[in-house]
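Peer 1: Encoded as structure tokens, here's the structure I'll be asking about.
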Ligand SMILES: [Zn+2]
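Residue numbers (this note's numbering): 6 to 408.
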């Protein structure tokens, strides 16, 4: 079956962060510590950056890691990190708090934007245009940057990519921005829990091996964050992955009863949302921004999630068929950059591990694509028998990527 559809609007990614990480080693294909160490070792420069480490397969600690030059590694979930001994020595003057607390997962979850700042300090906003072109070549024309971390990135994205980039940032970064950068920010983003990759997504029932993850705020604090968003930007994007985090968000919003005209709320990820929670979310008028590529967590996190959670992850059929969410209206799709691109997004949406995660092409298009073919298009070949999608990017976007 051959189909043409518009390019993607990735409604949840981290343009400025991934652009700054452009020079980092990509460990996402590594399945052993030896393979990861070999890739990190090849990085030139005084500080080797790496991303894409998946702790379901291996850890990075100990003598072999410390024998490399200074190296800092970011987990595929972007929620946990490993710094080797030479990196700690090299960074402790400029980033003393981060070096002292990087192994304290609760501290990390509460200070993620500062840790991101350490990574982006190495890159800077000048890497953004080349990154936007790379995204275009992968079939992603427009994107939401969920954590713009400084004035330079906000102004560049807001001016040069007006209409293509929507900008979000966290409350403490927002306060530090100048007036022009603030005007470019569309909404406030904040976290309520961590991530499955770091075993910190907040669950009602425990992880295999114990622990229920982390709730980052009390209900009172979370209520204050929503009120702040209503006052400053009128929009909030709230990260909630586990069913316990979703429960907290719903309870707080039900109690606050802020009118929709003064605050529009989007829930980011909502991976383990239950049917009862989905109905309450609809009643509150919340939108969900979800990642078809996280359907794969049902296969790769069997080491940490009980099987009921594996089956309940990314329940798109329940959300659309039973709770009444409508793709493109109150159900939006994005990638979180794990990875970027139309091909992995379509593959995960059409051929996920669990049947309840499958999206139709029409639903994918409504929730993930631009309205027309102006900026370019995707030519798909869908092979149902082999459960495989292939994608070719065409039009202006493909030309931009070739430059
Ligand atoms: Zn994110």
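C-beta: ideal position from N, C-alpha, C; glycine also.
For ligand 1, is there a heavy atom less than 7 Å away from the beta-carbon of residue 308?
Peer 2: Working through the chain shown from its first residue, we reach residue 308 at position 303. Residue 308 Cβ: outside cutoff for every heavy atom of ligand 1.
Peer 1: Which value, in whole angstroms, describes the spacing of the CA atoms of residue 135 and residue 145?
Peer 2: Residue mapping note: residue 135 aligns to position 130 of the chain shown, counting from 1. Residue mapping note: residue 145 aligns to position 140 of the chain shown, counting from 1. Roughly 13 Å between the two C-alpha positions.
Peer 1: I want to check one thing, is the minimum distance from the CB of residue 151 to the heavy atoms of ligand 1 below 7 Å?
Peer 2: Locating residue 151 in the chain shown gives position 146, counting from the first residue. Under cutoff, so the answer is yes.
Peer 1: Please state the DSSP three-state secondary structure of residue 302.
Peer 2: Within the chain shown, numbered from 1, the residue matching residue 302 stands at position 297. If DSSP states are grouped into helix, strand and coil, residue 302 belongs with the helices.
Peer 1: Could you check if residue 360 is buried or exposed, using at least 16 other CB atoms within 10 Å of its CB as the buried criterion?
Peer 2: Within the chain shown, residue 360 is the residue found at index 355, counting from 1. Classification of residue 360: exposed, given that the 10 Å Cβ count is below 16.
Peer 1: Taking 8 Å as the threshold, find out whether the stretch 346–355 comes into contact with the stretch 20–37 through three or more Cβ pairs.
Peer 2: With a cut-off of 8 Å, the stretch 20–37 and the stretch 346–355 do not count as touching, because too few Cβ pairs lie within range.
Peer 1: Are the stretch 296–304 and the stretch 265–281 touching, with three or more C-beta to C-beta distances below 8 Å?
Peer 2: Yes, the stretch 296–304 touches the stretch 265–281.
Peer 1: Going by DSSP, what residue range makes up the beta strand (DSSP E) through residue 1?
Peer 2: The chain is shown from 6 up to 408; residue 1 falls before or after that span and cannot be answered.
Peer 1: How long is the line joining the alpha carbons of residue 44 and residue 91, rounded to whole angstroms?
Peer 2: Here residue 44 refers to the residue found at position 39 of the chain shown. Here residue 91 refers to the residue found at position 86 of the chain shown. If you take the alpha carbons of residue 44 and residue 91, they lie about 17 Å apart.
Peer 1: Keeping to the same chain, check which residues put their C-beta closer than 8 Å to that of residue 228; ignore five residues upstream and five downstream.
Peer 2: Reading the chain shown from its first residue, position 223 is the one you call residue 228. Once the five neighbours on either side are set aside, the close Cβ partners of residue 228 are 257, 260 and 261.
Peer 1: Can you give me the start and stop residues for the beta strand (DSSP E) that residue 254 sits inside?
Peer 2: Against the chain shown, residue 254 aligns to sequence position 249. It is not in any beta strand (DSSP E) - residue 254 instead sits in the alpha helix (DSSP H) that spans 248–261.
Peer 1: Rounding to the nearest angstrom, what Cα-Cα distance links residue 291 and residue 271 in this structure?
Peer 2: Mapped onto the chain shown, residue 291 falls at position 286. Mapped onto the chain shown, residue 271 falls at position 266. Taking the straight line joining both Cα atoms gives about 6 Å.
Peer 1: Whose C-alpha, out of 111, 379 and 153, is nearest the C-alpha of residue 199?
Peer 2: The residue you call residue 199 lines up with position 194 of the chain shown. Out of 111, 379 and 153, 111 has the C-alpha closest to the C-alpha of residue 199.
Peer 1: Taking residue 401 as the reference, which of 89, 141 and 36 has the closest Cα?
Peer 2: Here residue 401 is taken as the residue at index 396 of the chain shown, counted from 1. Residue 401 has its Cα closest to that of 141, out of 89, 141 and 36.
Peer 1: With residue 384 as the anchor, note down where its alpha helix (DSSP H) starts and where it stops.
Peer 2: For the purposes of this step, residue 384 is identified with residue 379 of the chain shown, where counting begins at 1. Taken as a continuous stretch (DSSP letters only), residue 384 belongs to no alpha helix (DSSP H), being part of the beta strand (DSSP E) at 382–388.
Peer 1: Is residue 13 near residue 294, with beta carbons less than 8 Å apart?
Peer 2: Counting from one through the chain shown, the residue named residue 13 turns up at place 8. Counting from one through the chain shown, the residue named residue 294 turns up at place 289. Cβ atoms of residue 13 and residue 294: not closer than 8 Å.
Peer 1: Which partner residues of residue 54 appear in the DSSP bridge assignment?
Peer 2: For this step, residue 54 is matched to residue 49 along the chain shown. Per DSSP, 77.
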